[in-house]
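Its first residue numbered 11, the sequence shown is counted upward by one per residue in our numbering.
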Amino acid sequence: MIRIFEHIKSDYTYYIDENTFSIFKKRKNGSLKEIGTKKSKYGLTVQLHIFYDEKIKRCRNRNVYLHTIVGDYIFKARKKYVINYKDNDIYNCTKENIYITYLCDLNRKWNKLKNKESTYLSDNGDVYYEPYKCFLSPSFDITGYAYFYINGENIKRSHLVWKYFGNEPFKDGYVVDHIDNNPSNDDINNLQLITIRENIIKDLHKKSNLPTGVRKEGNKYKSYIGYTMDGVYHENIYLGVFDTIELASDCYQRALSLVENGINPIKSGDNKDIKYKFSVDKWYYRLPSNNGRDKYFGDFDSYDKALESYNSHIDIFKQFFNETDEEKAIRKGNFSFKYNGVSYMICKRKYGDIEFINALNYYKKCKKNCNVQEFINSIPLIREKIYNEHNKIYESLKKKKKEEAAIKYAKLLREKKIEKLKKESFKDIKDELDSINEFLKESKMIEFMNKPNYIQNSYNDCYTINVPYKDGKYYYLHSFKNKEIVDEIDNIMNEYKQSDNFINLFNDFKSNKLLSYIEKDNVYRQQIESQKKNKLGYYYLPKKDLYRVKKHLNNKEYVLGYYKDERCCKYILDECNNAIKLGIFSTWYKDIEKHKLRVRNMFNDLTLVRSRNIASNNKKYLELP
């Protein structure tokens, strides 16, 4: 064991096992306890009480990566290094699986990032964070470009590499281009600085044979332009949609001529929600609506007219501006996300309101834990579960509607027969009316008999069996804890209810067979109670720094002593269990004090115990040799 962390004002001293990489904490009283690990984004972490806070004048807990402890204390590395995993599993931190790599051996150029402590960038785009002793993972957009979140903003990795390793500074009207057209390859040798127009032309030649600034979407052609104005780059500004390539290209050329003369083709105002449509020289805006889609308000001749219309509608749509993610998702009827370049959408109409909200909350939880893939894997299971539940509900509703329709028809028929009977007195009408009334009675009786034979009590988790019968009465049987027993009795009662001799069968079951089921249930309850009790048979008392050993037998508790060494607890319990098996527990327990002394002497346990031979009014404590 190697001592790793120790603070003067901390209550603990920490050690690491050289073979298993397990972390242990040792208190001032000498007790040693293993610390568990937790999964994090960059590997396993342990919580250590070593960071002294000057504000509160005491030590606080902090999460420390396990691989940093291994590198500093096991490998004793003094240079900048990275812990690598042979099986690429960052959570498999074992002696056989990890090896160390120094940054100076990677044949790369490194520069420290400005305004970012202990963070280094290489010429191929790797970002090394020294406290974590690992490379930071970038995020990727749908087009494949890598981003790093630095100093409160997302920065393209290619821009970052060019800033620190490029042979010339950024210029207005220029962009960083990938020579091999691979957006994820941000090596400095693969980057170049070219004009925006050169980049657009390069992309167009790569994707299609369409003119510059024109894209095909369906049967239409859309026009876009990218330009730099007042030091700000405007990327892929939408100009309009057209039926032909010629019209779309002509629109782009008109916008390009304005840009070359220093004129912004897209007019703007103080309100950023109001936008300009270049192709038709009109103004428009969009506002959220109840159906989840944005409502379009457009084709205004001037910005002032659009602003006047916007101010007249804004009060109606204010309720949607400060809504939560859940409220927005429910209003829209869906929520969407992207993962590894693939878009996913969860629709409320497929899930239902409750399951939709549960799915949204589960997605947030997985995203927080950096495990979105877990949510994606669970989508088919969630849909299958909901589909089965919906089928059950649909079938029950279908059956219920049929029964309701039959009863409704019978009631309507009865009303017609009564009216006819008032006018004419015929025997066949009376017979028909009697049959309808009998049908209604039978439907009520069937509805009553289809009620469940048992209910679950919320206060004690027991099942009360109360059987409904066609005479309109409930027949109480008993209350059970075991669900299997309840299901068995439920099947028996369902068979009895089909017979006309139900009452006799029920009374016979209650007087003859019920007792055996009650005994089984009592055994089950005892098992549950025993399971609730301590499985080990002993537990630790922090205040006394001792282990207390006890044994439950025949609804009684027998104390087997207090010990400092855990081995004593296991040994005395094994002796006790053997005595129970041999049937000599009572005689064995009479000499429990002798057994305690013998066990303590076996393991050199120096526990302070009170002698039972001394009178209770003179309480003294003896130290065992």
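Ideal Cβ placement from N, Cα and C applies to all residues, glycine included.
Computed from a predicted structure; not experimentally measured.
Cα-Cα separation, residue i to residue j
| i | j | result |
| --- | --- | --- |
| Lys-543 | Lys-491 | Confidence at Lys-543 is low in this model, with a pLDDT of 49, below 50, so the placement of that residue is unreliable and no value is reported for it. |
| Ile-499 | Asn-517 | 14 Å |
| Met-11 | Arg-558 | 29 Å |
| Arg-72 | Ile-60 | 7 Å |
| Lys-35 | Arg-68 | 18 Å |
| Ile-276 | Gly-183 | 17 Å |
| Gln-57 | Asp-325 | 51 Å |
| Asp-600 | Leu-556 | Per the sequence shown, residue 600 should be read as Lys rather than Asp. Rounded to whole angstroms, Lys-600 to Leu-556 spans 23 Å at the Cα level. |
| Ser-50 | Tyr-75 | 9 Å |
| Val-137 | Ile-364 | 42 Å |
| Tyr-419 | Gly-482 | 24 Å |
| Thr-129 | Val-569 | 59 Å |
| Phe-366 | Val-382 | 17 Å |
| Asn-522 | Ile-528 | 12 Å |
| Phe-385 | Leu-123 | 35 Å |
| Asn-117 | Asp-133 | 10 Å |
| Ile-108 | Gly-46 | 19 Å |
| Leu-227 | Lys-305 | Checking the sequence, you will find Glu at residue 227 rather than Leu. Answer to the nearest angstrom: the Cα atoms are 22 Å apart. |
| Lys-282 | Cys-376 | 34 Å |
| Ser-626 | Lys-530 | Caution is warranted here: a pLDDT of 39 is assigned to Ser-626, below 50, making its placement in the model unreliable, and the coordinate value is therefore given only provisionally. Roughly 45 Å between the two C-alpha positions. |
| Thr-23 | Leu-42 | 9 Å |
| Leu-616 | Gly-40 | 14 Å |
| Arg-88 | Pro-552 | 40 Å |
| Asn-501 | Tyr-95 | 57 Å |
| Ser-168 | Ser-194 | 9 Å |
| Ser-267 | Tyr-320 | 32 Å |
| Glu-425 | Glu-413 | 19 Å |
| Glu-270 | Asp-99 | 54 Å |
| Lys-315 | Arg-341 | 29 Å |
| Lys-86 | Ile-160 | 30 Å |
| Trp-598 | Thr-78 | 54 Å |
| Ser-596 | Asn-587 | 12 Å |
Those residues which DSSP pairs with residue i across a bridge
| i | result |
| --- | --- |
| Val-477 | Tyr-485 |
| Ser-596 | According to DSSP, which records beta bridges pairwise, Ser-596 is partnered with nothing at all. |
| Phe-252 | Tyr-231 |
| Leu-257 | Paired residues: none, contrary to the question. |
First and last residue of the uninterrupted alpha helix (DSSP H) at residue i
| i | result |
| --- | --- |
| Thr-111 | No alpha helix (DSSP H) holds Thr-111; the beta strand (DSSP E) holding it covers 108-112. |
| Ala-156 | Taken as a continuous stretch (DSSP letters only), Ala-156 belongs to no alpha helix (DSSP H), being part of the beta strand (DSSP E) at 156-160. |
| Ile-273 | From DSSP, Ile-273 is part of no alpha helix (DSSP H); its letter is neither H nor E. |
| Cys-376 | 363-378 |
| Leu-76 | 76-79 |
| Val-496 | 493-507 |
| Ser-168 | 167-175 |
| Asn-199 | First-last for Asn-199: undefined, no H or E at that position. |
Within-8 Å CB hit, residue i to chain B
| i | result |
| --- | --- |
| Asn-161 | Here chain B cannot be found, since the structure has a single protein chain. |
Where the beta strand (DSSP E) containing residue i begins and where it ends
| i | result |
| --- | --- |
| Phe-613 | No beta strand (DSSP E) holds Phe-613; DSSP gives it neither H nor E. |
| Lys-560 | 556-563 |
| Met-239 | 230-239 |
| Glu-227 | 224-227 |
| Asn-94 | 91-95 |
| Asp-471 | Unbroken run through Asp-471: none, as it is neither H nor E. |
Assumed close pair residue i, residue j - CB separation to whole angstroms, cut-off 8 Å
| i | j | result |
| --- | --- | --- |
| Ile-204 | Asp-187 | 5 Å |
| Leu-54 | Tyr-101 | 6 Å |
| Lys-90 | Glu-127 | Contact flag wrong, Cβ pair sits at about 14 Å. |
| Tyr-243 | Tyr-234 | Rounded, the Cβ-Cβ distance is 14 Å, inconsistent with contact. |
| Asn-209 | Val-224 | The Cβ separation is near 16 Å, so there is no contact. |
| Ala-339 | Leu-370 | 6 Å |
| Asp-196 | Val-171 | 5 Å |
| Ile-643 | Ser-453 | Outside the shown range of the chain, which is 11 to 635, sits residue 643, and nothing can be said about it. |
| Ile-284 | Leu-317 | 6 Å |
| Phe-288 | Ala-258 | No, Phe-288 and Ala-258 are not in contact; Cβ-Cβ is about 12 Å, not under 8 Å. |
Proximity winner among the options, relative to residue i (alpha-carbon distances)
| i | options | result |
| --- | --- | --- |
| Tyr-550 | Tyr-534, Glu-567, Lys-574 | Lys-574 |
| Asn-164 | Asp-151, Gly-176, Tyr-174, Trp-172 | Asp-151 |
| Lys-232 | Asn-463, Asp-260, Ser-453 | Asp-260 |
| His-562 | Leu-583, Val-496, Leu-423 | Leu-583 |
| Glu-106 | Thr-30, Phe-347, Lys-230 | Thr-30 |
| Ser-489 | Asn-501, Glu-505, Ala-415, Tyr-464 | Tyr-464 |
| Pro-478 | Glu-494, Ile-79, Asp-471, Glu-505 | Glu-505 |
| Gly-162 | Val-251, Phe-180, Asn-125 | Asn-125 |
| Asn-614 | Arg-577, Pro-552, Lys-480 | Arg-577 |
| Tyr-83 | Asn-98, Asp-27, Asn-94 | Asp-27 |
| Asn-611 | Lys-591, Cys-586, Tyr-581, Asn-200 | Tyr-581 |
| Phe-458 | Lys-507, Tyr-157, Asn-387, Gly-547 | Lys-507 |
| Leu-113 | Asn-98, Lys-86, Cys-144, Thr-104 | Cys-144 |
| Ser-147 | Phe-158, Gly-154, Thr-153 | Phe-158 |
Contact test: residue i Cβ vs the ligand FMN heavy atom, cutoff 7 Å
| i | result |
| --- | --- |
| Gly-272 | What this structure holds is no ligand at all, so the ligand FMN is not there to describe. |
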